[in-house]
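A.B. asks: Residue numbers (my numbering): 129 to 561.
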Ligand code: ADP
Ligand code: ZN
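1. Look at the Cβ atom of residue 378, then the Cβ atom of residue 441, and state whether they are nearer than 7 Å.
2. Entirely within the segment 509–536 and at least 4 residues each: give me those alpha helix (DSSP H) ranges in chain order.
3. Give the DSSP bridge partners of residue 486, in chain order.
4. Identify the continuous beta strand (DSSP E) that holds residue 469 and give its terminal residues.
5. For a test of the three-state rule: what should DSSP assign to residue 209, helix, strand or coil?
6. Run the Cβ filter for me: residues under 5 Å from any heavy atom of the ligand ZN, listed in the order they occur in the chain.
7. Just curious, the beta strand (DSSP E) that residue 414 is in, first and last residue?
8. Measuring alpha carbon to alpha carbon, tell me which residue in 306, 161, 433, 487 is nearest residue 546.
9. Between residue 411 and residue 436, what straight-line distance do the alpha-carbon atoms span, to the nearest angstrom?
10. Whole angstroms are fine: how far does the CA of residue 355 sit from the CA of residue 176?
11. Could you tell me whether the Cβ atoms of residue 232 and residue 213 are closer together than 7 Å?
12. Assign residue 500 to buried or exposed, taking buried as 16 or more other Cβ atoms, counted over all protein chains shown, within 10 Å of its Cβ.
13. Alpha helix (DSSP H) containing residue 240: first to last residue?
14. Contact between the segment 282–292 and the segment 249–263: three or more CB pairs below 8 Å?
15. Can you pull the DSSP bridge partners for residue 459?
16. Exposed or buried, what is residue 532 when buried is set at 16 or more other beta-carbons lying within 10 Å of its beta-carbon?
17. Using only CA atoms, which one of 160, 131, 186, 179 lies nearest to residue 401?
18. Quick check on residue 301: buried or exposed, where buried means 16 or more other Cβ atoms within 10 Å of its Cβ?
19. Roughly how many angstroms separate the alpha carbons of residue 383 and residue 443, rounded to a whole number?
20. Rounded to whole angstroms, how far is the Cβ of residue 371 from the Cβ of residue 242, which I believe are closer than 8 Å?
Here it is in structure tokens:
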């Protein structure tokens with residue numbers, strides 16, 4: 129079912145006309161209400177009147193995460209605090225968190241876009257949605273929650289953690305859908321099996337999974353272990369939260385961007401130049417309906433490409449390809465660029481390995497080194513040493529052949545590596561320690 133048929137199936141010209149009208153409004157509003165934007169536009173020598181077509185968007189300056197930090201906590205809001213009804217913040221592992229605010233209408237828009245996303249996963253008011261995204265400052269929990277209620281589905285506000293209880297509710301409440309990170313769902317599947325639960329016999333039909341990069345191979349694994357459809361949802365707190373784009377169950381190939389609320393561009397991360405459709409680069413978003421915290425040309429650091437081809441589901445919104453990584457997650461190992469998700473794809477193609485891995489980056493002299501730690505299955509673990517050595521060689525060779533990177537490989541016994549309740553931490557960088 130298409131939740132907002134009227135918008136989600138607009139012809140391209142109508143989408144673009146709507147985008148231009150909304151873009152002009154937001155640009156004028158931020159210029160007059162947010163000191164940061166007025167300064168940024170003035171020093172770039174542009175005024176709101178310079179935006180006469182969508183193409184003129186590229187005249188406007190970028191906004192980056194540091195700008196949010198510099199204006200911490202509320203400096204980029206474009207409405208008075210009395211109109212803000214909700215605050216969220218990013219986890220902010222380094223330095224201060226980034227704070228985002230919402231008006232009543234922003235919350236309603238967000239709920240609508242999440243409801244669209246659930247509908248794109250084939251869900252209706254008759255579904256029961258188990259929400260294991262963390263509730264709190266993180267946008268995942270409440271974002272999915274409001275969307276599920278808007279759709280009219282029954283939502284179980286489980287949040288993350290308490291794994292045993294999660295399994296119990298999955299059995300007893302019989303949810304038909306689950307929201308969490310893909311790595312956490314694999315962890316739940318593993319924990320369930322250990323408790324003697326047949327995870328395939330649960331009523332679960334679909335997973336709405338996101339908040340971290342994952343590969344198509346990881347999708348296959350999840351679908352096999354739980355007998356569900358695993359769909360990809362994308363978002364970031366700065367732009368809104370989850371529900372900026374979502375894969376449809378019919379197409380299962382790329383995520384439809386809600387273009388009536390966000391304008392997406394792909395740029396060359398080095399030069400900032402806008403790239404044509406289909407080319408891979410950094411994703412940039414401009415929010416065109418947000419009231420509290422509009423963002424102009426925000427650089428997400430996420431790497432993907434836009435897919436303008438028509439999708440079989442009937443939605444006309446452009447799709448973005450699965451995120452291959454973040455530009456700041458890209459490892460440069462002896463001059464070769466590689467994303468953790470590429471290594472994941474290689475590992476998961478090899479029989480006998482578990483989808484649990486960690487990448488240890490270190491430096492010897494002036495050269496970066498990469499060690500891949502990956503768990504082997506119980507069966508392989510009991511094999512002879514020689515078999516294990518062969519497996520190690522095979523991984524090394526495949527990583528070299530497919531990605532051109534020389535890595536050390538360390539096989540780890542089953543369930544030895546750390547598990548994560550939210551976003552998985554795949555890379556341990558020892559270079560700065
Ligand atoms: P935090 O900043 O606390 O990590 P956010 O939820 O705002 O919280 O993080 C957003 C980031 O998460 C995105 O910029 C992207 O890197 C990543 N992300 C979210 N959804 C996906 C997805 N489906 N695939 C890959 N990466 C994702
Ligand atoms: Zn589609």
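The beta carbon of each residue, even a glycine, is placed where N, CA and C say it ideally should be.
C.D. replies: In short:
1. Between residue 378 and residue 441, the gap from beta carbon to beta carbon is short of 7 Å.
2. 513–531
3. 501
4. Per DSSP, residue 469 lies in no beta strand (DSSP E) segment; the continuous alpha helix (DSSP H) that holds it begins and ends at 468–476.
5. helix
6. 376, 379, 439, 441, 443
7. 409–415
8. 487
9. Their backbone Cα atoms lie some 15 Å apart in a straight line.
10. Straight-line Cα distance between these residues: approximately 51 Å.
11. yes
12. buried
13. 232–248
14. yes
15. As a beta-bridge residue in DSSP terms, residue 459 pairs with 466.
16. Per the 10 Å Cβ criterion, exposed.
17. For residue 401, the nearest C-alpha among the options comes from 186.
18. exposed
19. 11 Å
20. About 4 Å separates the two Cβ atoms, so the contact holds.
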